[in-house]
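Residue numbers (the working numbering): 1 to 1106.
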């Protein structure tokens, strides 16, 4: 007993190791939990108060006393344990104990004052120890869990014991405000309860919370905004008195103010709207919200709807529409009617607002409100509102957005079935909106028709007639066409009806609008299964067969009994004499097959069946349908099948290509070539083309050709122009080109060699050697030469990884041009008959430069290639007639600049190329100026021809100036020097004061300067760089003298007329200072030109500065 008397709980706890403390707390928690489960605190109420009978009281009192003793014991142990807690100890079990004690405190009967005091003492010690702060910090940790946030809520009452104004509170405030930035707290239910509870801690803290939320709102994802709204709403429901007033005025009304006055480009604008929208929704289901919204909106909303700023009106109109009706439920009937009438008048005002965004918002509001409150709105007002939409705003010529809003928002009304009769009367008035010049309006209109169809609000074809829908389907873009197909799908492709009906509808659609029919079936696969598309193809085949058999029977050629599979209900409607319908059916079959081509590739059995069915009838189709329009779809249809399946046609394709006339339109041979390429037989086309070209380019060698070639040459006329058409078509189309480049290399080399002979022939034409040139037309020779160069590029791209260098052939061609072609340009002015040679040589050089430009553009031309090309271009542009290649040379320069970003620009080779670019550009401008001086008409044509390439080159130089600063500076310097020189020359040449007028607009400038300045003025960045170069020239005194400085003033005036004057703030004073230094020279003679120019320029600059 002595030991018991000297027992000290504090001492024992201090001596316990950390692990044993944790075990002790876990057992305490278990003991407390089990005790309360056996005798819950809620059952204590009434014991001892006379509310239960004496017998039960006698039975329950000992149990209650035992439970109280256990709880007091636990509280005593917890009390002495709290000082021993720190961050190194796992006090989770002790925390659970405190939570349980804190939880039962409000439920304890008044008779247990000693126990209440013990538990309160535990909570006070816990708070004084700062464990609540530790808990706060833990819940804000990155590794925090939802349980940590829940524990925080369980101890929220302890916060009320804390002194808000104490100095120690700052850390707690910061931690609590961080909770409003924590996603875990916002997403967790207990976290949101805790956050809303914090609004009731202190009035001043509400303002701090609101400031934190506003600052963080831009960083919150949209998914959190509804939770934030819920926190505010819960806080509003719980607080009262001064707290409620502060929350309403400083928070909710502040959101209203920002919702109205924030710019729509603000990152938080949409989130503020969402918060307010949450309150608007609650007003319909929670008591008191409607009155609060009315009271808070009253001083700001109605004034904002009349604001001068259109964005403020727009924002206010959105809130007004979203909150409608904004009213106080305490109003009597008369007051309520007056308020609603006032708000309907506001709606009409929104629809007539001068700003389109406000009108669009008004349209949204009207449609939502009428849909929701249709039964309560007087019919006259409903009619007026909807007439305003369909009669006026649907045809608002000032804004496509407003027209679009009408058709986007009208579907809201369809949700209310009571609106259908009225809309059915009004909507036909908007049928012409299907032809609106704005695509988005047409899209919205068709979407509206789809909604009408889905809700069965009306018959869509009564609102917009079928002929309108089909005419639009025929010509419109993909977004509109796809929707129209969706709208019309069940009408012309009724899946639930027999397949013969599908075919009937197809024929009906063709007869209504054949082009629309083709577009319809182009998108039909998006709205049904591939199986149905295949069934329709086979049904159309059966229909065509029936028409053929019917015609044969009528002419007495057919059998008495037709095949059962070829019977068709359309026998009495269609005839093979109606070639337009036959061609349309064939075209639609092709379109349908193309749309499910990939699906057929994954279903070999279905594909084989379709091929077998169509292959069996295709020869007959070729015999019967000989109309030109029918041939194209038949050939495409044949291309879907292997050639062995249709031998009668596949064996004759080359013969068809051989028999086409020279100069034929591309449509005559394109489908045949596509078909051969799809079959993998492009080699036969190339062989035919090589044979024809060999006859023209190498006539002497035709005797040594193979037996097959002799047969072709003997029996058929050579068509070299057609051969080039075939080759060009194959090279131009990516799929066909891929097929060509996949043939055996021997055939490719043969084609390349055949085309390369064009150089020899062109050389002989230039030398007037008829023995070698034979009957070759110069234009044909140049085309063959161009295709040779293009083929070199494609071969280089295809086989470069295999180590083949076809680019060297282009370099050799460049050397051939320099040695064999350029001399004829140089000598063009010396002989009378040389104009023919000059034209041929110019065509050769242009063709070569064009191809080389493409080589650089696709990244195949390395630095060495670029250097060789520029050397050749420089040799041409410096000739007397070199201006012909100026446009294409400028394009070459542009491509070189654009690929500079992929090169190491610090090497000597690249530096040399950049230097050459500057030189060539300078020579181009010199060539244009020289041509303008000698032959003005040719010069003007040349200026027009270089305007676009010059603009693209200067734009590229500006965009990539960080990679090639030397070219940037050099190009602008050249432009500036050319402009200054030309304006100076014109001013010096003025013979009298009347002729001496300073140019003040682009049209006043000399021709070349006007064109160059127009190029500079297109971009403010180019203007800025141009002015920097001008400043450098003034400071370095490269520009000096009255005439040059006057030319500079002219440039300044012209730039001021097109761009902001702020760009000229630096240059004008510099020009003025330089001009004043010339005063003495200008004033020597009273009537001299220099004096007039000096005074005029000085006056212009003074006006600018003042």
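Even for Gly, the Cβ is constructed at its ideal location relative to N, Cα and C.
- If you ignore the 5 residues before and after residue 272, its C-beta comes within less than 6 angstroms of the C-beta of 255, 258, 259, all in its own chain and listed in chain order.
- Between residue 210 and residue 251, the C-beta spacing is below 8 angstroms.
- For residue 887, the three-state secondary structure derived from DSSP is helix.
- Shown here, residue 979 sits in a helix according to DSSP, grouped into three states.
- Between the beta-carbon of residue 528 and that of residue 495 there is about 6 angstroms, and that keeps the pair under the 8 angstroms contact cut.
- Per DSSP, residue 201 lies in no alpha helix (DSSP H) segment and is marked neither H nor E.
- Under the three-state reduction of DSSP, residue 805 is assigned to coil, being neither helix nor strand.
- Proximity of the region 1028 to 1043 to the region 996 to 1014 falls short of the contact definition, fewer than three beta-carbon pairs being nearer than 8 angstroms.
- Just measuring C-alpha positions, the residue of 1069, 287, 869, 959 sitting nearest residue 1105 is 1069.
- Contact check for residue 507 against residue 581 passes: the beta carbons are separated by less than 8 angstroms.
- Contact annotation: residue 696 and residue 667 have beta-carbon atoms that are not nearer than 8 angstroms.
- In terms of Cα proximity to residue 203, the closest of 177, 245, 221 is 245.
- DSSP, read as helix, strand or coil, puts residue 506 in helix.
- Under the DSSP assignment, residue 797 falls in the alpha helix (DSSP H) whose first and last residues are 778 to 799.
- Contact annotation: residue 671 and residue 646 have beta-carbon atoms that are not nearer than 8 angstroms.
- Scanning 1094, 640, 642, 685 for the CA closest to the CA of residue 659 turns up 685.
- When secondary structure is reduced to three states using DSSP, residue 64 falls in the helix class.
- If only complete runs of 4 or more residues are kept, the region 886 to 921 shows the alpha helix (DSSP H) at 886 to 898, in order along the chain.
- CA-to-CA, the gap between residue 94 and residue 288 works out to about 43 angstroms.
- Under the DSSP assignment, residue 464 falls outside any alpha helix (DSSP H); it carries neither an H nor an E label.
- Looking at the backbone, the Cα of residue 942 and that of residue 931 are separated by about 8 angstroms.
- Closest in C-alpha terms to residue 431, from the list 438, 398, 394, comes 394.
- Residue 343 and residue 325 have their alpha carbons spaced roughly 8 angstroms apart.
- Here the alpha carbons of residue 537 and residue 884 stand approximately 55 angstroms from one another.
- Taking 4 residues as the shortest admissible run, the region 989 to 1056 contains the following complete alpha helix (DSSP H) segments, listed from N- to C-terminal end: 1007 to 1016, 1020 to 1035.
- With respect to the C-alpha of residue 782, the residue from 844, 794, 824 having the closest C-alpha is 844.
- Scanning its chain for C-beta atoms nearer than 7 angstroms, with the 5 sequence neighbours on each side dropped, one finds around residue 235 the residues 196, 199, 247, in chain order.
- 296 is the residue among 296, 216, 639 whose C-alpha sits nearest the C-alpha of residue 249.
- Its chain contains 723, 726, 727 as the residues whose beta carbon lies nearer than 7 angstroms to that of residue 689, once the 5 sequence neighbours on both sides are disregarded; these appear in chain order.
- Annotation: the continuous alpha helix (DSSP H) that includes residue 736 extends over 734 to 741.
- Taking C-beta separations shorter than 7 angstroms and ignoring five residues to either side along the sequence, the partners of residue 152 in its chain run 135, 136, 139, 194, following chain order.
- Residue 961 carries a coil assignment under DSSP once its states are collapsed to helix, strand and coil.
- Apart from sequence neighbours up to five positions away, the residues of its chain that approach residue 901 with a beta-carbon distance below 7 angstroms are 960, 963, ordered along the chain.
- For the pair of segments examined, the region 474 to 494 was found not to touch the region 411 to 431: the number of CB pairs separated by less than 8 angstroms stays below three.
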